[in-house]
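Enquirer: When you number the sequence shown by my numbering, it's gap-free, plus one each residue, and the end is 875.
Idealized CB from N, CA, C, for every residue including glycine.
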Amino acid sequence: MIYFDNAATTWPKPECVCDAVVNTMKKYGANPGRSGHSMALSAARIVYEARELLAAFFNAESSRNIVFTSNATEALNMAIKGVLKPGDHVITSSMEHNSVARPLFALQRMGVEWDVVKCDLRGMLDPDDVKKAIKPNTRLIAMTHASNLTGTILPVEEVGKIARERGILFLVDAAQTAGIIPIDVQRMNIDLLAFPGHKGLYGPQGTGGLYVRETLDITPIKEGGTGSLSEHLEQPQILPDRLESGTLNTPGIAGLAAGIRFITQKGIENIRAHEQKLAGKFLEGLKHRKDISLYGPGDPTRMCAVVSLNVGELDSSELAYLLDSRCDIQVRPGLHCTPLAHKTIGTWERGAVRFSFSVFNTEDEVDEALRALDVICQGY
């Protein structure tokens with residue numbers, strides 16, 4: 496079996512990640528930050544060390560600026576709903592995932608204004624178009640770092656500078672780039688960074704987080720037990736407690752920390768280079784095929800390792816089914832939870848088939864996928 500669905504979740508996970516999850520469940524199963532006994536303190540230490548690792552990884556001001564969530568979707572909702580109020584204006588690109596688009600669609604009914612800046616057919620964004628969309632009441636610019644459909648890397652650094660110069664908050668969705676492309680929240684002027692733990696960071700599913708810039712006031716979307724200031728009914732004001740109500744996923748967080756260590760040991764630049772090589776080989780093998788439609792920049796240096804395509808008039812779901820049932824190749828068809836992006840590149844009606852690579856994929860597997868597509872093209 497060949498797994499090319501890493502943009503949905505990476506698989507396999509490093510052995511160290513699996514070991515960390517199991518070890519934590521077996522030895523440190525207490526509730527971190529709640530009790531004072533030794534096992535609870537050991538669990539709290541696991542959470543603290545993971546927070547420290549993530550803060551260093553993204554160059555956050557402090558580990559308290561890292562808030563754990565169950566996934567990037569929760570982090571994006573937390574950020575969007577935590578800073579926007581009726582009358583505020585927000586700008587996004589047309590390549591956003593529904594994890595950004597749906598919260599904003601819902602907030603429109605409450606008086607939040609939302610403008611979408613159109614990207615080109617490759618998914619590329621002109622920062623000047625963002626600048627032109629700014630209004631006096633613009634409160635937030637929310638943007639994906641890289642498209643989960645085309646892999647296109649958007650100009651986060653340039654837009655971050657535009658936002659900071661105008662006092663506008665900048666939220667980045669790093670679902671496709673965290674762990675693959677270096678992210679420095681301070682240098683890139685990022686106020687809020689949402690990231691999943693289970694994709695490029697190689698942690699288990701059910702993990703993720705939100706970086707919140709120091710001094711940024713964000714309203715929690717849930718309240719409850721934090722293990723701190725329990726004598727007060729008011730939610731604590733300090734981070735991360737303000738945004739972390741309820742029991743944390745300690746085994747998952749332990750696995751996420753192991754994933755960060757795995758990336759650090761491998762070298763994020765080496766991981767990026769390997770994935771670029773695979774994407775480049777795949778694109779090179781397809782670019783002269785008249786029966787295959789490719790989407791996105793077509794240049795591995797301007798995209799993450801995500802390649803979407805269609806074959807002739809074949810429905811994307813049918814193509815994915817053939818790859819799975821006949822060739823044992825796992826990919827994702829359809830709209831990929833990003834209808835705005837599909838409308839942008841012209842694949843709204845039929846969707847597309849997405850191949851996405853990870854550090855564990857090989858050139859031989861790419862060759863096998865190319866041969867499989869050749870066979871399918873000959874039959875249709």
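Mapping the DSSP letters down to three states, classify Gln873 as helix, strand or coil.
Expert: Here residue 873 refers to the residue found at position 378 when the sequence shown is read from its first residue. Correct three-state label for Gln873: helix.
Enquirer: Give me the DSSP bridge partner(s) of Trp506.
Expert: The residue labelled residue 506 in the question sits at position 11 within the sequence shown. Note: Trp506 sits in no beta bridge, so no partner.
Enquirer: May I ask you to report which of helix, strand or coil DSSP gives Gly524?
Expert: Within the sequence shown, residue 524 is the residue found at index 29, counting from 1. Note: Gly524 maps to coil in three-state DSSP.
Enquirer: What does the Cβ neighbour count give for Pro631, buried or exposed, with the cut at 16 atoms within 10 Å?
Expert: Reading the sequence shown from its first residue, position 136 is the one you call residue 631. Exposed is the call here.
Enquirer: Nearest to Leu571 by alpha carbon, out of Val611, Gly704, Asn560 and Arg634?
Expert: Translated into the one-based positions of the sequence shown, residue 571 becomes position 76. When each option's Cα is compared against that of Leu571, the closest is Gly704.
Enquirer: Give the C-beta separation of Asn526 and Ala535 to the nearest angstrom, bearing in mind that I take them to be a contact with Cβ-Cβ under 8 Å.
Expert: Translated into the one-based positions of the sequence shown, residue 526 becomes position 31. Translated into the one-based positions of the sequence shown, residue 535 becomes position 40. Asn526 to Ala535, Cβ: 6 Å. Contact.
Enquirer: Does the distance from the C-beta atom of Arg849 to that of Ser812 stay below 7 Å?
Expert: Here residue 849 is taken as the residue at index 354 of the sequence shown, counted from 1. Here residue 812 is taken as the residue at index 317 of the sequence shown, counted from 1. No. Outside cutoff.
Enquirer: For Ser565, collect the residues of the same chain with a Cβ closer than 8 Å to its Cβ; drop the 5 residues on either side in sequence, then sort them by chain order.
Expert: Translated into positions along the sequence shown, residue 565 becomes position 70. Result list for Ser565: Gly701, Thr702, Gly703 and Asn744, in chain order.
Enquirer: Measuring straight from C-alpha to C-alpha, what distance separates Gln825 and Tyr790?
Expert: Numbered from 1 along the sequence shown, position 330 holds the residue referred to as residue 825. Numbered from 1 along the sequence shown, position 295 holds the residue referred to as residue 790. For Gln825 and Tyr790, the distance between alpha carbons rounds to 19 Å.
Enquirer: Tell me which same chain residues have a C-beta within less than 7 Å of the C-beta of Ile561, skipping the five on either side of it?
Expert: On the sequence shown, residue 561 is found 66 positions in, with the first residue counted as 1. Taken in chain order, the residues that qualify are Arg546, Leu549, Ala550, Ala555, Gly704, Tyr706 and Pro735.
Enquirer: Could you give the residue range of the alpha helix (DSSP H) that holds Ala637?
Expert: Position 142 of the sequence shown, counting from 1, holds the residue named residue 637. Element bounds for Ala637: not the alpha helix (DSSP H) but the beta strand (DSSP E), Thr633 to Thr639.
Enquirer: Per DSSP, what are the beta-bridge partners of Asp500 in this structure?
Expert: In the sequence shown, the residue the question calls residue 500 occupies position 5. Answer by DSSP bridge pairing, in chain order: Ser851.
Enquirer: Just curious, the alpha helix (DSSP H) that Tyr816 is in, first and last residue?
Expert: Numbered from 1 along the sequence shown, position 321 holds the residue referred to as residue 816. Start and end: Ser811 to Cys822.
Enquirer: Going by alpha carbons, who is nearest to Arg617 out of Gly874, Glu709, Ile840 and Ala847?
Expert: Numbered from its first residue, the sequence shown carries residue 617 at position 122. Of Gly874, Glu709, Ile840 and Ala847, the residue nearest in Cα terms is Ile840.
Enquirer: Could you spell out the range, first to last residue, of the alpha helix (DSSP H) harbouring Asn572?
Expert: In the sequence shown, residue 572 corresponds to position 77, counting from 1. Residues Ala567 to Val578.
Enquirer: Using the three-state DSSP reduction, which class does Ala836 fall into: helix, strand or coil?
Expert: Here the question's residue 836 lines up with position 341 in the sequence shown. Ala836 falls in the helix class under three-state DSSP.
Enquirer: If we ignore side chains and look at the alpha-carbon of each, how far apart do Lys656 and Gly846 end up?
Expert: Counted from its first residue, the sequence shown places residue 656 at position 161. Counted from its first residue, the sequence shown places residue 846 at position 351. If I take the Cα positions, the gap works out to 34 Å.
Enquirer: Since I believe Arg634 is in contact with Leu579 (beta carbons under 8 Å), could you give me their beta-carbon distance rounded to a whole number of angstroms?
Expert: For the purposes of this step, residue 579 is taken as residue 84 along the sequence shown, with counting starting at 1. For the purposes of this step, residue 634 is taken as residue 139 along the sequence shown, with counting starting at 1. Yes, Leu579 and Arg634 are in contact; Cβ-Cβ is about 6 Å, under 8 Å.
Enquirer: Span of the beta strand (DSSP E) holding Asp610?
Expert: Your numbering for residue 610 matches position 115 in the sequence shown. Per DSSP, Asp610 belongs to the beta strand (DSSP E) from Glu608 to Val612.
Enquirer: List the whole-angstrom C-beta distance separating Val806 from Ile766, where the pair is believed to meet the contact cut-off of C-beta under 8 Å.
Expert: The residue labelled residue 806 in the question sits at position 311 within the sequence shown. The residue labelled residue 766 in the question sits at position 271 within the sequence shown. Val806 to Ile766, Cβ: 29 Å. No contact.
Enquirer: Please work out which residues of its chain come closer than 7 Å, Cβ to Cβ, to Ile755, disregarding the five sequence neighbours upstream and downstream, and give them in chain order.
Expert: Your numbering for residue 755 matches position 260 in the sequence shown. Answer for Ile755: Leu548, Leu549, Phe552 and Leu696, listed in chain order.
Enquirer: In the DSSP assignment, find the unbroken beta strand (DSSP E) run with Asn805 in it and report its ends.
Expert: Residue numbering aside, residue 805 sits at position 310 when the sequence shown is read from its first letter. From DSSP, the beta strand (DSSP E) with Asn805 extends over Val801 to Val806.
Enquirer: Quick one: any contact between the segment 580-592 and the segment 604-616, if contact means 3 or more CB pairs under 8 Å?
Expert: Touching, yes, given that three or more Cβ pairs across the two stretches are closer than 8 Å.
Enquirer: Going by alpha carbons, who is nearest to Gln603 out of His584, Leu620, Asp859 and Ala815?
Expert: Position 108 of the sequence shown holds residue 603. It is His584 whose Cα lies nearest to the Cα of Gln603.
Enquirer: When burial is assigned at 16 or more other CB atoms within 10 Å of the CB, is Thr647 buried or exposed?
Expert: Position 152 of the sequence shown, counted from the first residue, corresponds to residue 647. Thr647 is buried by the Cβ-count criterion.
Enquirer: To the nearest angstrom, how far is it from the Cα of Ala658 to the Cα of Asn684?
Expert: Working through the sequence shown from its first residue, we reach residue 658 at position 163. Working through the sequence shown from its first residue, we reach residue 684 at position 189. Going from the Cα of Ala658 to the Cα of Asn684 covers about 8 Å.
Enquirer: Return the residue from the list Thr645, Ile636 and Arg821 that minimises the CA-CA distance to Ala774.
Expert: The residue you call residue 774 lines up with position 279 of the sequence shown. For Ala774, the nearest C-alpha among the options comes from Thr645.
Enquirer: Rounded to the nearest angstrom, what separates Cys513 and Ile497 at their Cα positions?
Expert: Looking up residue 513 in the sequence shown gives position 18. Looking up residue 497 in the sequence shown gives position 2. When rounded, the distance between both Cα atoms is 20 Å.
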